[in-house]
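Read top to bottom, the protein sequences are chains A and B. Using my numbering, the letters of the first sequence map in sequence onto residues 80 to 467. Using my numbering, the letters of the second sequence map in sequence onto residues 80 to 467. By construction, the Cβ of each residue, glycine as well, lies at the ideal position given by its N, Cα and C atoms.
Number of protein chains: 2
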Amino acid sequence: MENFEFYNPTKLFFGRGQETRIGSLLVEKVGTDSQVLVVYGGQSAKKSGLLDKVTSSLKASGINFVELGDVRPNPTYEKVKEGVVLAREKNIQAIVAVGGGSVIDTAKAIAICVPYEGEGWDFFEKGVVPKKALPVACVLTLPAAGSEQSKRIVISHQGRKLGTGSDIVRPFASIINPEFFFTLPPKQVRAGVIDMMSHIMERYFTQTPNTDFISGQAEAALRSIMKNGLIVRKDSQNYEAWSQIGLAGSFAHNGFYGLGQKEDWACHGIEHEISAWDETITHGEGLAVVTPAWMTYVWKENPSRFVQFAQNVMGVKEDTEEKTVLAGIAALKNFFKEMGAPVTLAELHAEKLDPQELAEKAVKIPGTLGNFKKLHSEDILKIFELMR
Amino acid sequence: MENFEFYNPTKLFFGRGQETRIGSLLVEKVGTDSQVLVVYGGQSAKKSGLLDKVTSSLKASGINFVELGDVRPNPTYEKVKEGVVLAREKNIQAIVAVGGGSVIDTAKAIAICVPYEGEGWDFFEKGVVPKKALPVACVLTLPAAGSEQSKRIVISHQGRKLGTGSDIVRPFASIINPEFFFTLPPKQVRAGVIDMMSHIMERYFTQTPNTDFISGQAEAALRSIMKNGLIVRKDSQNYEAWSQIGLAGSFAHNGFYGLGQKEDWACHGIEHEISAWDETITHGEGLAVVTPAWMTYVWKENPSRFVQFAQNVMGVKEDTEEKTVLAGIAALKNFFKEMGAPVTLAELHAEKLDPQELAEKAVKIPGTLGNFKKLHSEDILKIFELMR
Chain A
80 MENFEFYNPT KLFFGRGQET RIGSLLVEKV GTDSQVLVVY GGQSAKKSGL LDKVTSSLKA
140 SGINFVELGD VRPNPTYEKV KEGVVLAREK NIQAIVAVGG GSVIDTAKAI AICVPYEGEG
200 WDFFEKGVVP KKALPVACVL TLPAAGSEQS KRIVISHQGR KLGTGSDIVR PFASIINPEF
260 FFTLPPKQVR AGVIDMMSHI MERYFTQTPN TDFISGQAEA ALRSIMKNGL IVRKDSQNYE
320 AWSQIGLAGS FAHNGFYGLG QKEDWACHGI EHEISAWDET ITHGEGLAVV TPAWMTYVWK
380 ENPSRFVQFA QNVMGVKEDT EEKTVLAGIA ALKNFFKEMG APVTLAELHA EKLDPQELAE
440 KAVKIPGTLG NFKKLHSEDI LKIFELMR
Chain B
80 MENFEFYNPT KLFFGRGQET RIGSLLVEKV GTDSQVLVVY GGQSAKKSGL LDKVTSSLKA
140 SGINFVELGD VRPNPTYEKV KEGVVLAREK NIQAIVAVGG GSVIDTAKAI AICVPYEGEG
200 WDFFEKGVVP KKALPVACVL TLPAAGSEQS KRIVISHQGR KLGTGSDIVR PFASIINPEF
260 FFTLPPKQVR AGVIDMMSHI MERYFTQTPN TDFISGQAEA ALRSIMKNGL IVRKDSQNYE
320 AWSQIGLAGS FAHNGFYGLG QKEDWACHGI EHEISAWDET ITHGEGLAVV TPAWMTYVWK
380 ENPSRFVQFA QNVMGVKEDT EEKTVLAGIA ALKNFFKEMG APVTLAELHA EKLDPQELAE
440 KAVKIPGTLG NFKKLHSEDI LKIFELMR
């Protein structure tokens, strides 16, 4: 195990009716009569009545607010800039995100850009570390990105999708009421489940030895997400199954599953280039295509890790190491299919993507991608072939 | 699952050499030239050189300090009062605990008593909720109580051992360097392992339905603690195995393993009366005697939970439900024996304890004990018989 630091001060409020606390949480943080920016996405937050509940709670607590709606999936830096202008103009003291990862990431990006004097894209492109941020509270509508507890932000700009992070961007409070997941379309359900699994797998596939405790936690979390994912796919109003997914997905990306080990993140790196190339591609669906291909390409770097995955997560075992590994990967792919996800570039409608361009972009800033195996652009080209 | 709130802002610093950060952590929290109280236990913190390292780090950071040593196992309110007088006299702004649960709990108790105008024992006996606390930082020497991340404090006074808690008593920073566990005597090793297992089991044995995710996390954590417990029992200098135990033990009591479910805590309640009766009894060893007896008495309240425990934690399965449950309990008891722990009152040297007095004291304040099955004094008498 490696040395580590871990700090996760997000206050979590979980369960039915918790969204009505948002007003008092803001009062506690920035005081009554303060100015708050409410960020949300499309029409669903309005239709479901959640946005009304949130703004009513703010009003009842004497909090003033302005709204920034229409945040889209794969959220853009343009939208962030719009929010920054608005927030500065209105002298905003805190931000409330009502939505999923795109909305929360937009809110977190606005939160670091408002007090920053330079160009906010520096955080993402130049690796400037955020030192100040407005406080952010979240009301989650989609369990997937884990942004409601995470220290990460991912934003798209000029055909690239880049991330930044720091403990100061963790929301100070997050509300998760699984009832708001009942009306999610199947595409978002599967994309969310796959995204949270990926957040655990990107950490689980490590070359750091002796990670028994965290590896066991990761394996159990993956099993629970898969089990409950299949339940909600068939029974979208199953509060208890959604609760498991909401809770697992939120912890999946707060850092716990990577404590003391070197993480990978190559699949996310490759997928970010795919959904930056075509923003109608959903991140979680892209991961369903990338992950098994990545696994097939890299497993020989540390077969025992993949045997452990096959046995402890996918519950498969064959008579040779190689067969067990491949059966594990096949079982994961089957699970993605059962969830209704695409598992090839064609099914993702991404067969026209230029492999060379993707491979070059994916390694452009870090130089190489991932840690389980350090990938160069030629490796990514080979993984690309395995996605067909 | 039940609604819940969770807030755990303790900053964790894990691994070799982390103890040298203590000075700068204090500077960050209360500024240089501040006054700090350093709390520790017996001679081991001095002999190991850890206390020197900590005070050197404080000096190097320009932090002034006074020492309060000689905190004993099953720490007393008298010692807390001694610390409170000293802290007020010296105008202490923060507390550094160098030790295990007893030292940390003493530090946390001083931290809430210093700013409190009433009698500090009110927190424990009258259920007064702490509203203010001095900041506490920990350097852990014994993985067991999990106090370095927890919101709980347990203190002994006038033949009773009582607890209090609030998120404000969580340490703001905790340092865990597994190297400091190498010299622990076998008795403390087994007591620590059993105590952290108990913190998970007190939460795992719940009547709350639909706790799939957290239950899976708990099962995996228990397996990892047992596996690595047996390793360090034989190989006391195994850094990697100690790392798993140090990490698991620290998360075992921070609240994660009880999210969304009603917890039990009857075993802790009974054991606290045993070690309050004879303070030479180590809490973790007391739990090794109480827990299997409690299990044997209560399992019929929810057999499927105990079947799940037997299969998923202890890895045993028999041809009937009852046999599986009993085999699970027997396997746990065997594990305790393998660790060298007592499993009967006689082995604990507690056979002279008055069952009637213990049973009455254990239920005195709460009225009943536990939630998996609500225990009255007559139930505790029956559990007592199972401990013989």
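*Mind pulling the chain B residues with CB within less than 7 angstroms of P88 (chain A)?*
In chain order: P88.
*Whether T134 (chain A) touches A252 (chain A) by CB criterion (8 angstroms)*: No.
*Report yes or no: is there a C-beta of chain A within less than 8 angstroms of the C-beta of S136 (chain B)?*
no
*Is DSSP giving R249 (chain A) helix, strand or coil here?*
coil
*Applying the criterion that 16 or more other CB atoms from any shown protein chain within 10 Å of the CB defines a buried residue, is V208 (chain A) buried or exposed?*
exposed
*Proximal residues to A300 (chain B) (C-beta, below 8 angstroms), its chain only, five neighbours per side dropped*: Contacts found: I279, A327, F330, A331, Y336.
_Quick check on the burial criterion: 16 or more other C-beta atoms within 10 angstroms. Buried or exposed for P154 (chain B)?_
buried
*What's the gap between the Cα of A345 (chain A) and the Cα of N450 (chain A)?*
For A345 (chain A) and N450 (chain A), the distance between alpha carbons rounds to 8 angstroms.
_Cα-Cα separation between E342 (chain A) and D131 (chain B), rounded to whole angstroms_ = 35 angstroms
*Ends of the alpha helix (DSSP H) at Q316 (chain B)?*
Careful: Q316 (chain B) lies outside any alpha helix (DSSP H) and carries neither H nor E.
*Of all the options B:E157, B:D433, B:R249, which has the alpha carbon lying nearest to the alpha carbon of R467 (chain B)?*
Among B:E157, B:D433, B:R249, the Cα nearest to that of R467 (chain B) belongs to B:D433.
*Assuming V218 (chain A) contacts A173 (chain A) (C-beta within less than 8 angstroms), just tell me the rounded distance between them.*
Between A173 (chain A) and V218 (chain A) the Cβ distance is about 13 angstroms, and since that is not below 8 angstroms, they are no contact.
*To the nearest angstrom, how far is it from the Cα of A389 (chain B) to the Cα of E168 (chain B)?*
54 angstroms
*Which of the residues in the region 93–106 of chain A, read from start to end, lie with their CB under 8 angstroms from any CB of chain B?*
So the close ones are F93, G94, R95, G96, Q97.
*From this set, A:P445, A:Q267, A:G199, A:Q387, which residue's C-alpha is nearest S123 (chain A)'s C-alpha?*
A:Q267
_Using only the alpha-carbon positions, how far apart do W378 (chain A) and E364 (chain A) sit?_
Computed Cα separation, rounded: 22 angstroms.
_For chain D, check one thing: does any of its Cβ atoms lie closer than 8 angstroms to the Cβ of G394 (chain B)?_
Checking the listed chains, one finds no chain D in this structure; the protein chains it contains are A and B.
*Candidates A:K443, A:Y156, A:E198: which alpha carbon is nearest E352 (chain A)'s?*
A:K443
*Reduced DSSP category for L309 (chain B) - H, G, I as helix; E, B as strand; rest coil*: helix
_Taking the alpha carbon of I101 (chain A) as the reference point, which residue from A:A139, A:K126, A:Y119, A:Y86 has its own alpha carbon closest?_
Of the listed residues, the one whose Cα sits closest to I101 (chain A) is A:A139.
*asked:* Classify Q286 (chain A): buried if its beta carbon has 16 or more other beta carbons within 10 angstroms, exposed otherwise.
replied: Answer is exposed; the Cβ neighbour count stays below 16.
*With a cut-off of 8 angstroms, does the C-beta of Q323 (chain A) fall near any C-beta of chain B?*
yes
_Sheet register partners of G40 (chain B) (DSSP bridge)_ = Shown here, chain B extends from 80 to 467; a query on residue 40 (chain B) therefore has no answer.
_Which residue marks the beginning of the alpha helix (DSSP H) containing E417 (chain A), and which one marks its end?_
400–417
*Could you pull out every unbroken beta strand (DSSP E) segment of at least 3 residues lying fully inside the region 84–137 of chain A, listed in chain order?*
90–93, 114–119
*Leaving out five residues on either side along the sequence, give the residues of the same chain with a beta carbon under 6 angstroms from the beta carbon of R231 (chain B).*
G242, G244
*Where N317 (chain A) and K412 (chain A) are concerned, what is the direct C-alpha to C-alpha distance, given to the nearest angstrom?*
Taken atom to atom, the span from the alpha-carbon of N317 (chain A) to that of K412 (chain A) is near 25 angstroms.
*Three CB pairs or more closer than 8 angstroms across the region 416–434 of chain B and the region 394–403 of chain B*: no
*asked:* In whole angstroms, give me the CA-to-CA distance for A186 (chain A) and Y195 (chain A).
replied: 15 angstroms
_Any C-beta of chain B under 8 angstroms from that of S229 (chain A)_ = no
*Any C-beta of chain A sitting closer than 8 angstroms to the C-beta of E161 (chain B)?*
no
*Between E258 (chain B) and chain A, is there a C-beta pair that is closer than 8 angstroms?*
no
*Got a sec, what are the start and stop residues for the alpha helix (DSSP H) V268 (chain B) sits in?*
Here the alpha helix (DSSP H) through V268 (chain B) covers 265–283.
*asked:* Measuring only the C-alpha atoms, how far is T370 (chain B) from S277 (chain B)?
replied: 8 angstroms
*Within chain A, partners of S303 (chain B) - CB distance below 7 angstroms*: D291, F292, G295
*Boundaries of the alpha helix (DSSP H) in which V193 (chain B) is found, first to last residue*: Taken as a continuous stretch (DSSP letters only), V193 (chain B) belongs to no alpha helix (DSSP H), as it is neither H nor E.
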